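Numbering of the sequence shown is given in the UniProt record's numbering, commencing with residue 1 and proceeding in unit increments.
All residues carry an ideal CB built from backbone N, CA and C; glycine is no exception.
The structure displayed is predicted, hence computed values, not measured ones.
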Amino acid sequence: MTVFKGILLHFWKYKILIVLLLAAFFVFAVMFSLGNSSDSYTSESLRIEVIDHSSSEVSRGLIGYLDENNEVTVTNAENPDIEALEEKIFLAAIDGFIIIPEDAESRFTSDRPVVETTTDQRSTKHLQLQTAIQQYFIFLKADFDTTGELHTDDVTKLLSDSIDVDVHESVDVEAQSNFEYMRNYTNFAGYWIMLFLLILVGNIMSEFNSPELKQRINVSPMKTSTFMSQMILSQIVVGLFVVAFMFFGALALRTGSLSGVPLGKMFAALILITALTLSIHYVIGAITTNKFIINGLANFIAIGMAFLSGVMIPLEVMGQTAQNIAQYLPLYHFTQIYAEPDISWGEAAFPMLVTVLYTAAFLIIGMILENKRKTSS
C-alpha cells in the first residue's frame with residue numbers, strides 16, 4: 001500500500017486548504033438556511049412625499065389611507081422641485097412621491113388617471129405603492145358608482161379591516177419547503193464537489209507525477225494494475241470523506257426538517273458525482289500535469305457544466321436551446337436523481353445509469369490517453 005499511503009500523505013499536506021474549503025461551503029449552507037427560515041411576511045412601511053394641489057375629498061381620503069401604514073409628508077407647493085425629489089429617490093431618502101393635480105376630483109369621476117407617481121421601478125416598493133393606490137381607487141370607485149357620493153372615510157375603514165384566513169393546501173407545505181432547501185443544497189454540493197476535487201486532486205497528482213517520482217515508479221517491481229488500484233482507492237477515500245462531510249453536515253443543519261426529503265437518492269447522487277469527477281480528473285491528468293492548465297480546466301468544466309445544467313440558474317428561465325444542451329450533460333442527470341420529493345428508486349435509476357455510463361466513458365478515455373502517453377514516452 002505504498003502508493004496509497006503516499007497519495008494520502010500528499011493530501012495531508014493540503015489539510016488546511018481542505019478544511020478552509022469545506023468550512024466555506026458549510027458557512028454558505030448555514031447562511032442559506034437562515035435566509036430561508038422566515039415563516040411570515042411583513043409589509044414594509046414606505047416613505048412618501050405628496051404634493052397636493054387639489055385639497056379635495058379625494059386627495060384627503062387618499063392621503064389618510066396611505067398615512068395609516070406609511071410615513072407620508074404632505075406639501076401643497078405650486079412649483080415643486082421635481083429634480084430634487086427624484087434625487088431623494090435615487091439617494092433612498094424617500095421611496096416615491098405623488099402629485100395630486102388640482103382637478104383630481106373631476107378626473108376621478110370621469111375615469112381618468114387621478115394622480116401621478118414617481119418611484120424607483122427597479123424596486124419592489126414601486127409595486128407596493130402602485131398596488132396601494134390602485135386598491136384605494138378601485139374601492140372608492142365601486143362605492144361612488146353605487147351611491148353617487150364620495151365616502152372616503154368608509155372606504156379607508158373598509159380597507160383597514162382584516163379577517164383571518166386558513167388556507168388548506170393540497171400538498172404538505174412543510175415537506176415541500178424541506179425538499180426545496182435540500183435540493184438546492186445538494187445541487188450546490190454537487191458543483192462544489194466537482195470544483196473541489198478537480199482542483200485539489202489535480203494539484204496533488206501533478207506533484208505525485210513529478211519526473212523524480214515517476215522514474216522511481218517506473219523502475220519499481222510494482223504492477224501497473226496495483227499502482228492504478230492504489231491510486232484510485234486513495235482518491236476514493238478522499239472523495240468519500242468530502243461526501244460524508246457535506247451530507248451529514250446537511251443532516252445536522254436540518255435536524256427535524258427532513259420530512260419529504262429523498263435522502264437516500266441524494267446520498268447516492270453525491271457518491272456518483274464524486275466518481276464522475278474523479279473519472280474526469282483521470283482524463284485531465286492523462287492530458288497534462290501542469291497545475292495552471294489543470295486549475296483552468298477545473299473551473300471551466302465545473303462552472304460551465306453547473307451553469308448549463310440548471311444548478312446555478314433554473315433551466316425554466318433559460319431558452320429551449322440551453323434546456324436541450326443540458327440533457328447531454330452529466331451534472332443535469334445528477335440533479336434528476338432527486339428531482340422530486342416522492343421520486344422512487346425506479347424513476348431515479350435512469351439518471352443514475354446515465355451518470356455511471358458517463359463515468360465509465362471518461363475512465364476508458366483516460367486509460368486510452370494514459371497508455372498513449374506511456375507509449376510515446
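query, result
"Give the single residue among I63, I193, D81 and I51 whose Cα lies nearest to the Cα of I273.", "I193"
"How would you call V114, buried or exposed, if buried means at least 16 neighbouring beta carbons within 10 angstroms?", "buried"
"So, at 7 Å on beta carbons, what are the nonlocal neighbours of A275 in its own chain, with the 5 sequence-adjacent residues on each side left out?", "T359"
"Opposite T118 in the DSSP bridges: which residues?", "F97"
"Helix, strand or coil: how does DSSP classify T288 here?", "coil"
"Under 8 Å by Cβ, that's how I've got G366 and A302 pegged, so tell me the actual separation to the nearest angstrom.", "Going by Cβ atoms, the distance from G366 to A302 rounds to 18 Å, so no, they are not a contact pair."
"With a threshold of 16 other CB atoms inside 10 Å of the CB of Y41, please say whether the residue is buried or exposed.", "Residue placement at Y41 is poorly supported in this model, since its pLDDT is 46, which falls under 50; the coordinates still yield a value, given next. Exposed: under 16 other Cβ atoms inside 10 Å."
"Once you ignore the five residues that flank S38 on each side, which residues in its own chain have a CB closer than 8 Å to its CB?", "The predicted model places S38 with a pLDDT of 44, which falls under 50 and marks its position as unreliable; any figure quoted below should be read in that light. Once the five neighbours on either side are set aside, S38 has no close Cβ partner at all."
"Buried or exposed: N36, going by 16 or more other Cβ atoms within 10 Å of its Cβ?", "Low local confidence applies: a pLDDT of 49 at N36 is under 50, so the model's placement there is unreliable, with the coordinate-based value given in what follows. Looking at its Cβ environment, which holds fewer than 16 other Cβ atoms inside 10 Å, N36 is exposed."
"Check whether the segment 194-203 touches the segment 276-285, counting contact only when three or more Cβ pairs, one atom from each stretch, lie closer than 8 Å.", "yes"
"Considering only DSSP beta bridges, list what R183 is partnered with.", "Paired residue(s): none; R183 is not in a bridge."
"According to DSSP, simplified to helix, strand and coil, what is I51?", "strand"
"Taking the alpha-carbon positions, what's the F144 to N76 distance?", "26 Å"
"Helix, strand or coil, according to DSSP, for V237 in the structure here?", "helix"
"Could you pull the start and end residues of the beta strand (DSSP E) that T255 belongs to?", "Segment: none, T255 is in no beta strand (DSSP E) and carries neither H nor E."
"Could you tell me if F247 is buried or exposed, where buried requires 16 or more neighbouring beta carbons within 10 angstroms of its beta carbon?", "buried"
"Decide if V238 is buried, meaning its Cβ has at least 16 other Cβ atoms within 10 Å, or exposed.", "buried"
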